[in-house]
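In the UniProt record's numbering, the protein residues as written are 1 to 182.
The structure under discussion appears below in the form of structure tokens.
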Amino acid sequence: MSEHIVIWEGLWNVCEADGLQSLRCMTYNSGPVLPPDLKVSGVLVVICIIITFLGLLLYIIEDERITYESNINNEERIKMAASGLFLVAGLMLLVPMSWVTHSVILGMANPQTLSQWKPGMGASLYLGWFNSLLLLLGGALLGGALLWCKLHPTNNDQPSAFKSSMEQSSSALYPESVVFMQ
Numbered sequence: 001m002s003e004h005i006v007i008w009e010g011l012w013n014v015c016e017a018d019g020l021q022s023l024r025c026m027t028y029n030s031g032p033v034l035p036p037d038l039k040v041s042g043v044l045v046v047i048c049i050i051i052t053f054l055g056l057l058l059y060i061i062e063d064e065r066i067t068y069e070s071n072i073n074n075e076e077r078i079k080m081a082a083s084g085l086f087l088v089a090g091l092m093l094l095v096p097m098s099w100v101t102h103s104v105i106l107g108m109a110n111p112q113t114l115s116q117w118k119p120g121m122g123a124s125l126y127l128g129w130f131n132s133l134l135l136l137l138g139g140a141l142l143g144g145a146l147l148w149c150k151l152h153p154t155n156n157d158q159p160s161a162f163k164s165s166m167e168q169s170s171s172a173l174y175p176e177s178v179v180f181m182q
């Protein structure tokens with residue numbers, strides 16, 4: 001038997017790898033087996049997934065609905081609600097990632113733990129942090145863009161400086177006195 005055994009503890013299962021020879025995984029069948037931080041983290045991650053799905057659904061449904069009824073007030077409110085849902089989901093994902101990271105770091109620093117059983121930071125923690133960052137960034141950008149558009153409305157009736165300069169240059173290139181033959 002190899003001395004190099006790696007154990008992965010996840011939210012829903014635990015896996016043991018014996019070098020390159022075998023990999024055994026088993027799901028948690030009972031609640032008392034799980035540490036308390038993983039119990040709460042699993043629930044928060046599932047709630048975060050549901051909130052993210054609701055935010056996406058709200059944004060997509062609003063986008064489809066706007067083609068049939070055009071009410072700008074409702075459009076802004078629905079998009080701001082979707083932005084808020086993304087922000088809440090990002091914060092809710094940040095909590096379990098921080099908690100599990102804290103417990104892993106405490107386990108790494110524990111001198112009583114045998115060196116072969118010391119926990120390490122896995123790829124799932126980094127992916128969780130990255131997903132939390134993306135949700136927070138997406139919610140902030142969506143909400144910020146909506147607030148920016150609300151504070152700085154554009155008037156489509158007046159030509160912009162770019163349009164007027166383009167019109168001047170095109171009139172210089174093609175004066176009205178020139179007749180094109182067909």
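From the three backbone atoms N, C-alpha and C, an ideal C-beta is built for every residue, glycine too.
Per the DSSP calculation, residue 8 is bridged to which residue(s)?
15
Taking the beta carbon of residue 83 as the centre, do at least 16 other beta carbons fall within 10 Å, making it buried, or is it exposed?
Label assigned to residue 83: buried.
How is residue 85 classed by DSSP in three states: helix, strand or coil?
helix
Just how far apart, CA to CA, sit residue 60 and residue 87?
17 Å
Is the Cβ of residue 22 closer than 8 Å to any Cβ of chain C?
Of the protein chains in the structure, only one exists, and it is not chain C.
Pick from 111, 76 and 17 that is closest to residue 147, judged by C-alpha positions
76
Taking only three categories from DSSP, how would you classify residue 80?
helix
DSSP puts residue 27 in a beta bridge; with which residues?
13
Using 8 Å as the threshold, is the C-beta distance between residue 41 and residue 100 below it?
yes
Identify which residue in 23, 133 and 78 has its Cα closest to the Cα of residue 57.
Residue nearest to residue 57 within the set 23, 133 and 78 is 78 (criterion: CA-CA distance).
Beta-carbon spacing of residue 125, residue 92 below 8 Å:
no
8 Å CB neighbourhood of residue 13 in its chain, flanking five on each side removed:
25, 26, 27 and 28
Start and end of the alpha helix (DSSP H) containing residue 128?
123 to 151
At the level of alpha carbons, what is the spacing between residue 7 and residue 150?
When rounded, the distance between both Cα atoms is 52 Å.
Quick check: the Cα distance between residue 52 and residue 37, rounded to an integer number of angstroms?
22 Å
Would you check if the distance between the CB atom of residue 128 and the CB atom of residue 85 is smaller than 8 Å?
No, they are not a contact pair.
Would a C-beta distance cut-off of 8 Å place residue 23 and residue 90 closer than the cut-off?
no
In or out: residue 142 buried (at least 16 other Cβ within 10 Å) or exposed?
buried
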